[in-house]
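K.L.:
Sending over a structure as structure tokens; questions will come in a sec.
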Amino acid sequence: MKPMKLKDGVTKIGAVHFERRLFDSLIPLPDGTSYNAYLIEGSEKIALIDTVDPMKIEVLIDQLKDVQKIDYIVSNHSEQDHSGGIPFVLEKYPDAKVVCTPKAKAFLMDLLHISEDKIITVEDNETISLGGKTLRFIHAPWVHWPETMFTYLEEDNILFTCDFLGSHLATSKLFAEDECHVYNSAKRYYAEIMMPFRNFVAKNLEKIKDLKIDYIAPSHGPVYNRPQFIFDAYNSWVYDEPKNIVVIPYVTMHGSVKAMVDYLTAALSQKGVVVKPFDLTVTDLGELAMSLVDAATIVVGTPTVLAGAHPQVIYATYLANALKPKTKFLSIVGSYSWGGKAIDQLSSMITNLKVEVIPPVFIKGLPKEEDYKLLDELADNIVKKHEKANIK
Ligand code: FEO
């Protein structure tokens with residue numbers, strides 16, 4: 002991708018990774034991703050904000066071929082998809098200094114073996130002048146590592162947020178023009194990366210709310226030339242009450258759990274609840290994570306394997322617990338042939354979730370008439386809980 006001018010003296014560089022399909026060996030990337038870096042040229046000094054994942058370092062180095070000097074490499078976040086290129090840039094510009102928070106200094110030394118004398122730490126709200134371009138550093142811890150910060154370019158009202166407000170979206174466009182598409186990618190990103198830190202997301206949104214911002218320039222996905230779009234989205238994901246939605250992640254082996262899930266889906270749907278069943282054997286976990294942003298209730302569906310829940314159900318339950326959604330209620334449906342401890346096992350795995358557990362429905366074999374009645378009761382119970390909690 003060619004460098005793209007954002008404002009006079011402000012250029013978006015970095016790499017668009019269209020073909021990448023997995024991040025952190027964990028997160029699906031249906032739309033690829035990008036590692037955005039930004040070159041800020043003042044009358045006296047030049048700064049590079051963030052770098053790229055080392056697997057795309059040749060793109061960044063090529064984009065810098067006509068840049069004679071870099072004085073500062075600002076590291077807003079130490080995770081290697083942004084910081085991993087720093088040693089290569091330092092090799093090209095040995096006089097450059099890396100600018101980061103005090104916490105990030107230790108990370109950069111540990112993760113990348115950057116030597117201490119190359120690093121300058123900045124306090125919250127400290128500034129560096131490049132000559133007509135002033136960088137203000139805003140500490141923004143825990144979105145999503147403890148060392149994260151934003152950089153605000155005062156003269157141009159641009160906020161560089163690195164991961165925060167970003168999206169795993171590979172695009173050749175500079176700006177978030179197709180807001181519908183970007184909304185989906187940003188929501189997926191929020192669900193997977195930021196949701197576990199919702200309280201810190203809220204604190205950092207509050208911290209920047211009075212800044213005059215014309216552009217939000219994240220280090221993944223397109224730049225927001227209408228910042229209110231992404232602020233509105235984040236405010237809704239962070240602050241809104243959960244919606245009248247039941248998410249059902251499940252696995253079925255011989256059809257019993259599927260019959261239960263289908264019946265429960267129909268019963269809840271008839272009562273006006275939006276139901277999102279996910280067969281975990283074919284589910285993109287990012288889709289599941291996104292659905293948890295708004296769901297009032299999770300119903301986990303599992304068969305019994307080796308006396309416990311199915312391993313893929315255990316994995317999904319572990320992830321849901323780690324993502325800490327706003328969900329208010331949880332139940333389990335399942336089937337066994339001769340016994341098992343799936344309910345106890347899954348119940349012990351949701352310690353992060355502030356949920357009320359609705360009595361599970363755990364049956365023997367294929368559901369019978371009396372089992373369907375239990376599922377009707379579960380559907381009634383969920384609807385009543387939603388009504389009582391004023392969930393709409
Ligand atoms: Fe895009 Fe936390 O790295």
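Heads up, our numbering is the position in the sequence shown plus 1, with the first residue counted as 1.
Idealized CB from N, CA, C, for every residue including glycine.
Thinking residue 245 and residue 274 are a contact (beta carbons under 8 angstroms), I'd like their distance in whole angstroms, please.
P.N.:
Start at 1 with the first residue of the sequence shown, and residue 245 comes out as number 244. Start at 1 with the first residue of the sequence shown, and residue 274 comes out as number 273. With a Cβ gap of about 6 angstroms, residue 245 and residue 274 count as contacting.
K.L.:
Put residue 90 into one of helix, strand or coil per three-state DSSP.
P.N.:
What you label residue 90 is simply residue 89 of the sequence shown in a count that begins at 1. Here residue 90 sits in helix by DSSP.
K.L.:
To which residues does DSSP link residue 176 through a beta bridge?
P.N.:
Taking the first residue of the sequence shown as position 1, residue 176 is located at position 175. Answer by DSSP bridge pairing, in chain order: 224.
K.L.:
Since I believe residue 294 is in contact with residue 383 (beta carbons under 8 angstroms), could you give me their beta-carbon distance rounded to a whole number of angstroms?
P.N.:
On the sequence shown, position 382 is the one that residue 383 refers to. On the sequence shown, position 293 is the one that residue 294 refers to. Not confirmed; about 19 angstroms, so no contact.
K.L.:
Excluding the 5 residues preceding and the 5 following residue 325 in the sequence, name in chain order all residues of the same chain whose CB lies nearer than 6 angstroms to its CB.
P.N.:
Translated into positions along the sequence shown, residue 325 becomes position 324. Closer than 6 angstroms at Cβ, skipping near neighbours: 197, 353.
K.L.:
By Cβ distance, which residues of its chain are closer than 6 angstroms to residue 16, with the 5 residues on each side in sequence left out?
P.N.:
The sequence position of residue 16 within the sequence shown is 15, counting from 1. Counting only Cβ-Cβ distances below 6 angstroms, and skipping sequence neighbours, we find 36, 53, 57, 60.
K.L.:
Quick one: is the Cβ of residue 83 within less than 7 angstroms of any heavy atom of ligand 1?
P.N.:
Within the sequence shown, numbered from 1, the residue matching residue 83 stands at position 82. Under cutoff, so the answer is yes.
K.L.:
Three or more C-beta pairs under 8 angstroms: does that hold for the region 161–172 against the region 218–226?
P.N.:
Yes, they touch.
K.L.:
Kindly indicate which residue of 313, 304, 121, 302 has the alpha-carbon position closest to the one of residue 103.
P.N.:
The residue labelled residue 103 in the question sits at position 102 within the sequence shown. Taking only the C-alpha atoms, the option nearest residue 103 is 121.
K.L.:
Name the DSSP beta bridge partners of residue 26, please?
P.N.:
What you label residue 26 is simply residue 25 of the sequence shown in a count that begins at 1. Per DSSP, none; premise fails for residue 26.
K.L.:
Taking residue 63 as the reference, which of 390, 339, 3, 268 has the closest Cα?
P.N.:
Working through the sequence shown from its first residue, we reach residue 63 at position 62. Nearest option by C-alpha distance: 3.
K.L.:
Can you tell me which of the three DSSP states residue 162 falls into?
P.N.:
Indexing the sequence shown from 1 puts residue 162 at position 161. Three-state result, residue 162: strand.
K.L.:
Alpha carbon to alpha carbon, what distance is there between residue 96 and residue 319?
P.N.:
Translated into the one-based positions of the sequence shown, residue 319 becomes position 318. Translated into the one-based positions of the sequence shown, residue 96 becomes position 95. Taking the straight line from one Cα to the other gives about 46 angstroms.
K.L.:
Could you check if residue 25 is buried or exposed, using at least 16 other CB atoms within 10 Å of its CB as the buried criterion?
P.N.:
For the purposes of this step, residue 25 is identified with residue 24 of the sequence shown, where counting begins at 1. Under this definition residue 25 is an exposed residue.
K.L.:
Count the CB pairs spanning the region 108–116 and the region 77–92 that are closer than 8 angstroms, and state whether there are at least three.
P.N.:
Yes: the two stretches touch, three or more of their Cβ pairs being nearer than 8 angstroms.
K.L.:
Going along the chain, which residues of its own chain have a beta-carbon closer than 6 angstroms to the beta-carbon of residue 201, five neighbours each way excluded?
P.N.:
What you label residue 201 is simply residue 200 of the sequence shown in a count that begins at 1. Excluding positions up to five away in sequence, the list reads 143, 144.
K.L.:
Tell me, please, whether the region 135–155 touches the region 173–190 by the rule of three or more beta-carbon pairs shorter than 8 angstroms.
P.N.:
As far as the Cβ criterion goes, the region 135–155 does not touch the region 173–190, which means the pair count is below three.
K.L.:
Go through its chain and collect everything with a Cβ distance to residue 322's Cβ below 8 angstroms, but skip five positions before and after it.
P.N.:
Within the sequence shown, numbered from 1, the residue matching residue 322 stands at position 321. Excluding positions up to five away in sequence, the list reads 350, 351, 352, 353, 354.
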